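Residue numbers (my numbering): 17 to 440.
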Ligand SMILES: [Zn+2]
């Protein structure tokens with residue numbers, strides 16, 4: 017993923033993250049009192065990879081997973097638990113004296129990803145040499161321990177991708193190649209699954225996915241001829257077993273003016289939405305493509321998130337200042353909820369967000385479950401640290417602010433993003 021730093025604020029945020037990443041190796045594992053947690057929900061996917069939590073856009077919140085104790089998500093390096101019933105989030109740290117602001121907090125992970133597997137929360141962090149490792153902790157934030165390295169040689173944070181943990185196998189990317197390694201095993205036992213051919217690519221980013229017994233990797237490419245394309249690979253157990261399965265054609269992407277595509281794979285079906293076009297369903301066995309939702313003439317551009325029961329499409333647009341190929345987006349005031357037969361179930365206006373916060377520059381969906389869509393409203397500018405986090409009911413269209421979201425305590429008009437006293 018090539019990052020085009022839009023603003024000093026975004027860039028300094030990345031730099032700050034990278035700096036802090038360097039200072040947090042060798043953390044201790046102090047025994048702590050157990051956090052009081054709600055009773056476990058019965059239906060949490062414990063395979064390590066949760067399709068609903070894995071949005072395909074790396075610019076959104078990328079460290080989020082569902083646990084029996086609520087949604088765990090990262091903000092400013094700290095893991096928070098979000099209770100979808102009370103719509104409140106709190107740091108995963110029970111130390112009463114802790115301010116939950118630095119690497120001494122039990123909730124400190126500063127990770128590119130989050131995963132819930134076999135009762136443990138997994139995350140990735142880099143050491144002082146910028147080499148990435150997989151860590152695990154108890155769901156109450158105690159017992160952090162290093163599991164294994166997931167990078168052969170140190171590289172910068174910007175060159176790192178989200179790894180994937182699925183049913184005891186870790187998938188990671190290093191130096192233009194995709195690997196798998198058993199959870200907990202030495203990285204030198206890793207097997208190369210695919211070596212990227214960078215010929216005639218101007219930009220390239222990768223995203224792992226898992227569905228039933230299959231593991232996938234999607235390559236989002238800007239070709240030398242200026243066309244964006246997505247190429248899906250099914251990962252084998254070695255290079256010979258890995259095969260290209262699908263690539264977006266002019267059918268799915270008739271006139272790609274926009275770099276943004278959203279997708280989801282479930283039960284062997286790929287659901288694919290390129291901004292400004294229709295939502296397609298592609299059977300990965302037969303290769304047959306079927307137009308699921310006709311959006312041409314309805315939406316000029318947009319982004320989608322998917323849950324098991326719903327496809328949510330938001331009419332945000334490419335950022336007018338940075339252009340359609342920057343990946344930066346703006347606006348978004350109408351949310352459409354479709355089911356998997358392609359029927360529009362509800363149209364939800366977000367105008368109340370813009371009334372409450374007239375300086376909102378961009379609304380972006382983070383993830384969806386079967387009852388809600390979670391959405392971030394950036395205040396002042398795209399990717400601003402000042403943001404409001406919403407849970408939106410798919411049934412009633414009610415917009416609920418999440419309490420305890422750290423971005424809502426930051427004033428976008430304070431240059432150094434200092435916390436404003438008494439805002440929350
Ligand atoms: Zn803390």
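C-beta atoms are modelled at their ideal positions from N, C-alpha and C, and glycine is treated no differently.
A quick note: this is a predicted structure, and the numbers were derived from the prediction, not measured.
{"query": "Shorter than 7 Å, the distance from the beta carbon of residue 126 to the closest heavy atom of ligand 1, or not?", "result": "no"}
{"query": "Taking buried to mean at least 16 other C-beta atoms within 10 Å of its own C-beta, is residue 303 buried or exposed?", "result": "exposed"}
{"query": "Tell me which residues share the same chain as residue 410 and place their Cβ nearer than 7 Å to its Cβ, disregarding the 5 neighbours each side in the sequence.", "result": "326, 353, 362, 387, 388 and 389"}
{"query": "Under the rule that 16 or more other beta-carbon atoms within 10 Å means buried, what is residue 420, buried or exposed?", "result": "buried"}
{"query": "Quick check: the Cα distance between residue 416 and residue 78, rounded to an integer number of angstroms?", "result": "21 Å"}
{"query": "Could you tell me whether any Cβ in chain B is nearer than 8 Å to the Cβ of residue 406?", "result": "In the structure shown, chain B cannot be found, because there is only a single protein chain."}
{"query": "Use the C-beta contact count for residue 400: other C-beta atoms within 10 angstroms, 16 or more gives buried, fewer gives exposed.", "result": "buried"}
{"query": "Taking the beta strand (DSSP E) that residue 371 falls in, what are its first and last residues?", "result": "That residue, residue 371, is in no beta strand (DSSP E); its alpha helix (DSSP H) goes 367-372."}
{"query": "Considering only residues of the same chain and omitting the five flanking positions on each side of residue 230, which have a CB-CB separation below 7 Å?", "result": "250"}
{"query": "So, is residue 178 buried or exposed, given that buried needs 16 or more other C-beta atoms within 10 angstroms?", "result": "buried"}
{"query": "At 3 residues or longer, what runs of the beta strand (DSSP E) sit wholly inside the region 177-257?", "result": "180-182, 185-190, 193-198, 207-211, 217-227, 230-239 and 244-251"}
{"query": "Do residue 396 and residue 374 have their CB atoms nearer than 8 Å?", "result": "no"}
{"query": "Is the closest heavy atom of ligand 1 to the C-beta of residue 93 under 7 Å?", "result": "no"}
{"query": "Just tell me which of 61, 221, 370 and 163 has its CA closest to the CA of residue 228.", "result": "61"}
{"query": "Relative to the C-alpha of residue 123, which candidate in 93, 147 and 142 has its C-alpha closest?", "result": "93"}
{"query": "In the structure shown, what three-state DSSP assignment does residue 424 receive?", "result": "helix"}
{"query": "If you measure from each residue's Cβ to the nearest non-hydrogen atom of ligand 1, which ones come out under 5 Å, in chain order?", "result": "109, 114, 116 and 121"}
{"query": "Mind reading off the beta-carbon distance from residue 317 to residue 292? Whole number of angstroms is fine, and I expect it under 8 Å.", "result": "5 Å"}
{"query": "Just curious, the beta strand (DSSP E) that residue 262 is in, first and last residue?", "result": "259-263"}
{"query": "Between residue 418 and residue 130, how many whole angstroms is the CB-CB distance? I'm expecting something under 8 Å.", "result": "That pair is no contact at about 17 Å."}
{"query": "Buried or exposed for residue 259, going by 16 or more other Cβ atoms inside 10 Å?", "result": "exposed"}
{"query": "Residues in its own chain within less than 7 Å of residue 355 by CB, not counting five upstream and five downstream?", "result": "325, 326 and 361"}
{"query": "Helix, strand or coil: how does DSSP classify residue 441 here?", "result": "For the chain, the structure presents residues 17 to 440; residue 441 sits outside this window and is missing."}
{"query": "Which of the three DSSP states is assigned to residue 78 in this structure?", "result": "coil"}
{"query": "Go through the region 299-337 residue by residue and report every complete run of the beta strand (DSSP E) that reaches 3 residues or more, in order.", "result": "305-309, 319-322 and 327-330"}
{"query": "Do residue 402 and residue 426 come within 8 Å of each other at the CB atom, strictly closer than that value?", "result": "yes"}
{"query": "Among the candidates 393, 339 and 284, whose CA atom is the shortest distance from the CA of residue 330?", "result": "393"}
{"query": "Using C-beta distances below 8 Å, list every residue in its chain close to residue 185, excluding the 5 sequence neighbours before and after it, in chain order.", "result": "196, 197, 198, 199 and 231"}
{"query": "Along the chain, where does the beta strand (DSSP E) that runs through residue 407 open and close?", "result": "403-409"}
{"query": "Tell me the rounded alpha-carbon separation between residue 262 and residue 218.", "result": "20 Å"}
{"query": "Could you please give me the residues that DSSP links to residue 362 through a beta bridge?", "result": "353"}
{"query": "Among 267, 307, 158 and 205, whose alpha-carbon lies nearest the alpha-carbon of residue 359?", "result": "307"}
{"query": "Hey, how far is the Cα of residue 285 from the Cα of residue 300?", "result": "6 Å"}
{"query": "Return the bridge partner residues of residue 162 from the DSSP annotation.", "result": "151"}
{"query": "Are there 16 or more other CB atoms within 10 angstroms of the CB of residue 319, so buried, or fewer, so exposed?", "result": "buried"}
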